[in-house]
Amino acid sequence: MPPDPPRPGRGDREPEGRGPQANDPGVTGPGASEPPPPHPVTASLVLGLAVGAFGISFGVLATSGGLSTAQACAMSLLVFTGASQFAAVAVVDAGGSTAAALGSALLLAARNGAYGLSLADVVRGRLATRLLAAQLVIDESTAMATAQRDPADQRRGFWVAGASVFVFWNLGTLLGALGGDAIGDPQRYGLDAAFPAGFVALVVPHLRSLDGRLAAAMGVALALVLVPVAPEGVPVLAASLAVLLGLRARPATGGER
Amino acid sequence: MSWTAVLLLAAGAYAFKVLGLVVLGGRALPPRVARCVALLPAALLPALIAVQTLTTEDRWVLDARAAGVAAAIIAAWRRAPFPIVIAVGALVTALVRAAG
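In order, the protein sequence lines correspond to chains L and A.
In this text, residue positions in the first sequence follow my numbering: the first is 17, and each later residue adds one.
In this text, residue positions in the second sequence follow my numbering: the first is -19, and each later residue adds one.
The structure is reproduced here in structure tokens:
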């Protein structure tokens, strides 16, 4: 790892100087020095295991909802967006039309477009590489990549998290579809909370800047307000409107406080 | 669900991913727009956490997940390693759920 200076990601956010932060009342956390971001490889494997448990659930649900094993596996390989897949299968299982299933699933998939935008600087290289990378643009890979400071770690975080989730999600789907419901309901182990818990750890670096904290607060508020009134998928997608606060004019010196 | 539907869904899901990453992304952007794009994960991921923790379908819900994620926030604040943060979140959720 080349000793690059700490860097929060793309864009021109405020510099992450270590000195002034000690006196910065806005910095959260128990100390002044920054904790290292989660190690991309270890963290990705842990996330992958939790995803695998839900892959099994998906396989079970898909086949009990009328999909063949091949269809369930093709969905996990080709669609590869957990929430969308669960939504599509649930709509069909509840007697909904194919169009309704596709609509619900695609609304949930739309946020991957926003993730892709923010990952464009992380995933570079030949077009073929980027077209392959696009399939791995999901919640987990985005969170893992953008939590890292160093550009090389961001790249590694994206690929390792994407690959880990891909492998475990597809293995889980195959097991579940073949009837290997060995572990039962993942909720019994609290695994449904494993994702928000993991994202908490990965979101911390985004909260170091004032803009990051404001965007987070606005995003959460927008999403929660919309949950009772908007279709599934829309609340999180709409949270992206919070980034418009980046348009604010600021002094030419680059400071924002 | 037909094969056509599976493949349509795959094409649609991939279209979103590729649109952001390859088609629109990676261009030189004016500084203000670049700032907005850089803020996307900061806006979306906490919203995702909130929705996954505090809602079920179209309702606000305060249940075992909230306890688990609150414990995970404390663990992250105490700088616990990533696997511990996840384990704490899942374990506390499971315990509260089992007790409830």
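Ideal placement from N, C-alpha and C gives every residue a C-beta, glycine not left out.
Computed from a predicted model, the values in this text were never measured in an experiment.
Contacts that residue i makes with chain L (C-beta to C-beta distance below 7 Å)
| i | result |
| --- | --- |
| A52 of chain A | A213 and V216 |
| L71 of chain A | G206 |
| A56 of chain A | V216, A217 and V220 |
| G48 of chain A | G206, A209 and A213 |
| V34 of chain A | It is Leu, not Val, that sits at residue 34 of chain A in the sequence shown. Chain L residues near L34 of chain A: L240. |
Chain-ordered chain A contacts of residue i [CB-CB under 7 Å]
| i | result |
| --- | --- |
| N186 of chain L | Result: empty, since nearest Cβ-Cβ is about 13 Å, beyond 7 Å. |
| Q170 of chain L | In chain order: nothing, as chain A lies at least about 11 Å away. |
| G235 of chain L | A23, L24, P26 and A27 |
| A255 of chain L | A23, L24 and A27 |
| P167 of chain L | Ordered by position in chain A, no residue passes the 7 Å Cβ test against P167 of chain L, which lies about 13 Å from the chain. |
| A149 of chain L | L1 |
| V243 of chain L | V31, T35, D38 and W40 |
| V139 of chain L | L1 |
| V252 of chain L | L24, A27, L28 and V31 |
9 Å Cβ cut-off: residues of chain A touching residue i
| i | result |
| --- | --- |
| G262 of chain L | R12, V13, A14, R15, C16, V17, A18 and L19 |
| A59 of chain L | P61, F62, P63 and I66 |
| A90 of chain L | W(-17), V(-14), L(-13) and A(-10) |
| G132 of chain L | F(-4), K(-3), V(-2), L(-1), G0, L1, V2, V3, L4 and G5 |
8 Å contact criterion, which residue i and residue j should meet: CB distance rounded
| i | j | result |
| --- | --- | --- |
| V41 of chain A | A213 of chain L | Incorrect: roughly 17 Å between the Cβ atoms, too far for contact. |
| G5 of chain A | G235 of chain L | So it is not a contact: roughly 20 Å between Cβ atoms. |
| N186 of chain L | L93 of chain L | 6 Å |
| A159 of chain L | P21 of chain A | 7 Å |
| S103 of chain L | L124 of chain L | For the record, residue 103 of chain L in the displayed sequence is Ala; it is not Ser. Their Cβ separation, rounded to whole angstroms, is 5 Å, which keeps A103 of chain L and L124 of chain L in contact under 8 Å. |
| G48 of chain A | G206 of chain L | 6 Å |
| L223 of chain L | P54 of chain L | Not a contact, Cβ separation roughly 15 Å. |
| A70 of chain A | A255 of chain L | With 8 Å as the limit, A70 of chain A and A255 of chain L do not qualify as a contact, their Cβ atoms being about 24 Å apart. |
| A231 of chain L | L1 of chain A | Contact doesn't hold; Cβ gap of about 21 Å is too wide. |
| V105 of chain L | D38 of chain A | Not a contact, Cβ separation roughly 19 Å. |
| F96 of chain L | F182 of chain L | 6 Å |
| G228 of chain L | A126 of chain L | Rounded, the Cβ-Cβ distance is 23 Å, inconsistent with contact. |
| T73 of chain A | A209 of chain L | 4 Å |
| A69 of chain L | P202 of chain L | 4 Å |
| V192 of chain L | S73 of chain L | A small correction: the amino acid at residue 192 of chain L is Gly; Val does not occupy that position in the sequence shown. Yes, they are in contact, since the Cβ atoms of G192 of chain L and S73 of chain L sit about 6 Å apart, within 8 Å. |
| G129 of chain L | F(-4) of chain A | 4 Å |
| A161 of chain L | Q151 of chain L | The Cβ separation is near 15 Å, so there is no contact. |
| A237 of chain L | P251 of chain L | Wrong, their Cβ atoms sit about 11 Å apart, outside the cutoff. |
| S157 of chain L | F184 of chain L | Contact flag wrong, Cβ pair sits at about 13 Å. |
| M(-19) of chain A | Q87 of chain L | 7 Å |
| A12 of chain A | L263 of chain L | In the sequence as displayed, the identity of residue 12 of chain A is Arg instead of Ala. The Cβ separation is near 5 Å, so the contact holds. |
| I66 of chain A | A66 of chain L | 7 Å |
| T189 of chain L | G81 of chain L | About 13 Å separates the two Cβ atoms, so there is no contact after all. |
Chain A residues whose Cβ lies nearer than 8 Å to that of residue i
| i | result |
| --- | --- |
| G82 of chain L | M(-19) |
| S100 of chain L | L(-11) and A(-7) |
| R142 of chain L | Near R142 of chain L there are no residues of chain A at all, since even the closest Cβ is about 11 Å away, more than 8 Å. |
| G228 of chain L | L19 and A22 |
| T97 of chain L | A(-7) |
| L194 of chain L | Within 8 Å Cβ-Cβ: nothing; L194 of chain L doesn't reach chain A, min ~18 Å. |
| L135 of chain L | G0, L1 and G5 |
| L190 of chain L | Neighbours of L190 of chain L on chain A: none; closest Cβ ~15 Å, over 8 Å. |
Cross-chain neighbours of residue i in chain L, by beta carbon under 9 Å
| i | result |
| --- | --- |
| A79 of chain A | Residues of chain L passing the Cβ test: none, with the nearest at roughly 12 Å. |
Cβ-heavy atom distance, residue i to the ligand MN, below 7 Å
| i | result |
| --- | --- |
| A79 of chain A | Within the structure as shown, the ligand MN is missing, as the structure has no ligands at all. |
Taking a Cβ distance cut-off of 7 Å, strictly less, list which residues of the stretch -13 to 11 of chain A are near chain L, in chain order. L(-12), L(-11), A(-10), G(-8), A(-7), Y(-6), F(-4), K(-3), V(-2), L(-1), G0, L1, V2, L4, G5, G6 and P11
Below 9 Å between beta carbons is the criterion; list the residues of the stretch 19 to 31 of chain A that meet it against any residue of chain L, in chain order. L19, L20, P21, A22, A23, L24, L25, P26, A27, L28, I29, A30 and V31
When you check each C-beta in the stretch 151 to 164 of chain L against every C-beta of chain A, which residues fall closer than 9 Å? Q151, L152, V153, I154, D155, T158, A159, A161, T162 and A163
Touching by the beta-carbon criterion (3+ pairs, under 8 Å), the stretch 35 to 54 of chain A and the stretch -10 to -2 of chain A: no
Determine, using beta-carbon pairs with one atom in the stretch 173 to 181 of chain L and one in the stretch 23 to 36 of chain A, whether at least three such pairs fall under 8 Å. For the pair of segments examined, the stretch 173 to 181 of chain L was found not to touch the stretch 23 to 36 of chain A: the number of CB pairs separated by less than 8 Å stays below three.
Listed in chain order, which residues of the stretch 105 to 128 of chain L have Cβ atoms closer than 8 Å to some Cβ of chain A? Listed in sequence order: V105, V108, T114, A117, L118, A121, L122, A125, A126, R127 and N128.
Would you check if there are 3 or more beta carbon pairs closer than 8 Å linking the stretch 136 to 151 of chain L to the stretch 107 to 124 of chain L? Two segments are said to touch when three or more pairs of C-beta atoms, one from each, lie closer than 8 Å; by this definition the stretch 136 to 151 of chain L does not touch the stretch 107 to 124 of chain L.
Would you be able to state if there are at least three C-beta pairs under 8 Å between the stretch 3 to 19 of chain A and the stretch 48 to 62 of chain A? no
Listed in chain order, which residues of the stretch 51 to 78 of chain L have Cβ atoms closer than 8 Å to some Cβ of chain A? P51, P54, H55, T58, A59, V62, L63 and A66
Tell me the start and end of each unbroken alpha helix (DSSP H) in the stretch 48 to 97 of chain L that is at least 4 residues and wholly inside, in chain order. Fully enclosed alpha helix (DSSP H) runs of 4 or longer: 56 to 80 and 85 to 94.
Threshold first: 4 residues or longer. Then list the alpha helix (DSSP H) segments lying entirely within the stretch 196 to 268 of chain L, N to C. 210 to 219, 226 to 242 and 250 to 254
So within the stretch 13 to 48 of chain A, which uninterrupted alpha helix (DSSP H) runs reach at least 4 residues, ignoring any that extend past its ends? With a minimum length of 4 residues, the continuous alpha helix (DSSP H) runs that stay inside the stretch 13 to 48 of chain A are 20 to 34.
Tell me the start and end of each unbroken alpha helix (DSSP H) in the stretch 143 to 197 of chain L that is at least 4 residues and wholly inside, in chain order. 143 to 151, 155 to 162 and 167 to 193
Between the stretch 173 to 185 of chain L and chain A, which residues of the former have CB atoms less than 7 Å from a CB of the latter, in chain order? none
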